[in-house]
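Each residue of the sequence shown is one higher than the last, beginning at 36 in the working numbering.
Note that CB positions come from ideal geometry on N, CA and C, so glycine has one too.
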Amino acid sequence: MTGSADRVATVRAFNRLYTGVIGVLDEGPADAEYSLSEARVLFELAQQDSTQVTDLRKRLDLDAGYASRLLGRLEGRGLLVRERSDEDARRQVIRLTEEGKKAFAVLDARSVDRIDSLLGRFADDEQERLLGAMGTITSLVGERAADPTLVLRPPRPGDFGWVVHRHGALYSREYGWDERFEALVARVVADYADHRGDPRQAGWIAELDGERVGSVFCMPAEDGRTAKLRLLLLEPAARGRGVGKRLVTECVEFARASGYPAIELWTVSLLDAARAIYQKAGFQLVSEETIPGFGYELTGQTWRLEL
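Below, the structure written as C-alpha cells:
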C-alpha cells in the first residue's frame, strides 16, 4: 500500500490531467461569448422553469457578490430575468428568457459534440472503462443518496470473474489471505457455472444504484440433499445497509422453496460481521475445526439451519 505522500502525488497528477481534459470539454472555446461560470448558470437555469437565487448560489458555490455581478451581466444581455418571489418577497427568483433558452441550446449542443468527439477516440470497451471510472469517482466523492436502490439479480456474464476477483482482493487486503483463497473461490464459481440450469442452485448479485456490491450462492451440498450457502460477499460501501441480510434471506428462502430439509455454510471464526448475519437468520453453530487457512492458522466453523 502506498504512503500518504504518494497518494497525494497521484491525486495531484490526476488533477493536472483532468484540468487539461476539462479545457477541451468547456462549454465553449476560450474566445466564446460566455465564460465557463456564465455557461454553468445557463445550464442550471435550463433545468427548471425558475429557481431562487440562494439555491443557485448553493449549487454553484458562489459568494453573494460574485453571483450578483454574474447574474447582472447575463440579465443585461437579455438572457435571464430576476423577480421577487410570490411566496416570499424577501427572496429573488430567476428564470431564463427565450433568448437565454436559445443561448443554452447552442452551448448544450456544442458540449455534446465535444464530449462525443472525446469518446470517439476510444473503442467501446475503453469507453465503458472510462465511464465506469467516472461513476466510481462520483460515488465516492459526490453526495451519496440517503437511501440507494438495492437490487438482487441473477449472475450475468462477467459477474463470475468479478466474484472471484473481489473475494481475492478484499480478503487479501482485510485479512492477509493469500492466493489459495482466491483459487478456492474460483473452483466454487466454476462448479456453479458447470451446473448452470440445475434447478437446485441459484445465485444473486447485489447492486446499489447499479453498482455491484455483493453476492451469494445457494448450491447442493456434497450429500446431494442439504443446501449450502456459499460465497457471501459484501463490498465495504454496502456494509451496514442491510445488504448481507437480504442476500442471506434470499438464499435461505430459495433453499426452503426448493425442498431442502436444511441449509449449511462454512466460515471462519474471525469473520464476526458475517457470523452475526448468519446468527440473526437462525443458523446454529454445529462444529469447529482448526485448519491451515490461507496464510495462517484459522478456526473453521460449520453452521446449519433446519428448514
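The alpha helix (DSSP H) enclosing residue i, as first and last residue numbers
i: Gln314; result: 307-315
i: Ser207; result: 194-210
i: Gly100; result: 99-111
i: Glu68; result: That residue, Glu68, is in no alpha helix (DSSP H); it is neither H nor E in DSSP.
i: Gly249; result: Where Gly249 is concerned, there is no enclosing alpha helix (DSSP H), although the beta strand (DSSP E) it sits in stretches over 246-255.
i: Thr334; result: Element bounds for Thr334: not the alpha helix (DSSP H) but the beta strand (DSSP E), 333-341.
i: Arg222; result: 214-229
i: Glu285; result: 278-292
Integer-rounded CB distance, given that residue j should sit under 8 Å from residue i
i: Leu187; j: Ala241; result: 6 Å
i: His202; j: Leu268; result: 6 Å
i: Gly238; j: Ser250; result: 7 Å
i: Val283; j: Ala311; result: 11 Å between Cβ atoms; not a contact.
i: Thr88; j: Ile129; result: Correcting the residue identity first, residue 88 is Val in this sequence and not Thr. Their Cβ separation, rounded to whole angstroms, is 6 Å, which keeps Val88 and Ile129 in contact under 8 Å.
i: Val346; j: Leu105; result: Residue 346 cannot be examined here, being either before or after the span of the chain that is shown, 36 to 342.
i: Arg281; j: Leu185; result: 7 Å
CA nearest to the CA of residue i, picked from the options
i: Arg260; options: Arg235, Glu122, Glu270, Glu209; result: Arg235
i: Thr325; options: Gln319, Thr334, Gly317; result: Thr334
i: Glu122; options: Thr86, Glu257, Asp226; result: Thr86
i: Leu131; options: Glu79, Thr171, Phe252; result: Glu79
i: Arg126; options: Tyr101, Arg47, Arg92, Arg75; result: Arg92
i: Glu68; options: Leu114, Phe318, Tyr53, Asp151; result: Leu114
i: Ala228; options: Lys136, Ser322, Cys253; result: Cys253
i: Val248; options: Asp226, Glu133, Val278; result: Val278
i: Val321; options: Thr173, Gln314, Arg339; result: Arg339
i: Glu257; options: Ser72, Trp301, Asp84; result: Trp301
i: Asp143; options: Gly275, Glu73, Ile129; result: Glu73
i: Ala81; options: Glu133, Ala44, Ser39; result: Glu133
i: Leu342; options: Gln336, Lys280, Glu323, Ala297; result: Ala297
i: Cys286; options: Glu118, Pro189, Asp307; result: Pro189
i: Asp244; options: Ala225, Arg42, Ala272; result: Ala272
i: Leu264; options: Asp84, Asn50, Phe318; result: Phe318
i: Ile172; options: Tyr313, Pro192, Tyr53; result: Tyr53
i: Ala225; options: Leu266, Glu246, Phe157, Pro183; result: Leu266
i: Gln336; options: Ser304, Gln314, Tyr313; result: Ser304
i: Glu299; options: Gly193, Asp307, Leu306, Pro255; result: Pro255
i: Asp84; options: Arg164, Leu153, Arg117; result: Arg117
i: Gln209; options: His230, Leu306, Leu97; result: Here residue 209 is Glu; the residue named in the question, Gln, does not match the sequence. Answer by Cα proximity: Leu306.
i: Leu109; options: Arg149, Ser70, Asp96, Ser120; result: Ser70
i: Phe195; options: Glu217, Ser103, Phe289, Gly211; result: Glu217
i: Glu246; options: Glu214, Asp213, Ala262, Pro183; result: Pro183
Terminal residues of the beta strand (DSSP E) in which residue i lies
i: Phe139; result: From DSSP, Phe139 is part of no beta strand (DSSP E) but of the alpha helix (DSSP H) over 133-154.
i: Ala297; result: 297-303
i: Ala237; result: 237-243
i: Arg94; result: Where Arg94 is concerned, there is no enclosing beta strand (DSSP E), although the alpha helix (DSSP H) it sits in stretches over 88-95.
i: Ser85; result: Taken as a continuous stretch (DSSP letters only), Ser85 belongs to no beta strand (DSSP E), as it is neither H nor E.
i: Val322; result: Reading off the sequence shown, one finds Ser at residue 322, where the question assumed Val. Segment 319-326, the beta strand (DSSP E) holding Ser322.
i: Arg265; result: 262-269
i: Leu185; result: 185-188
i: Arg119; result: 115-119
Legend entry - Three CB pairs or more closer than 8 Å across the segment 326-333 and the segment 285-300: no
Inset, instruction - Give a yes or no on contact between the segment 218-229 and the segment 160-169, applying the rule of three or more CB pairs nearer than 8 Å. - result: no
Inset, instruction - Flag this pair as touching only if the segment 92-103 and the segment 129-145 have three or more C-beta atom pairs under 8 Å; answer yes or no. - result: no
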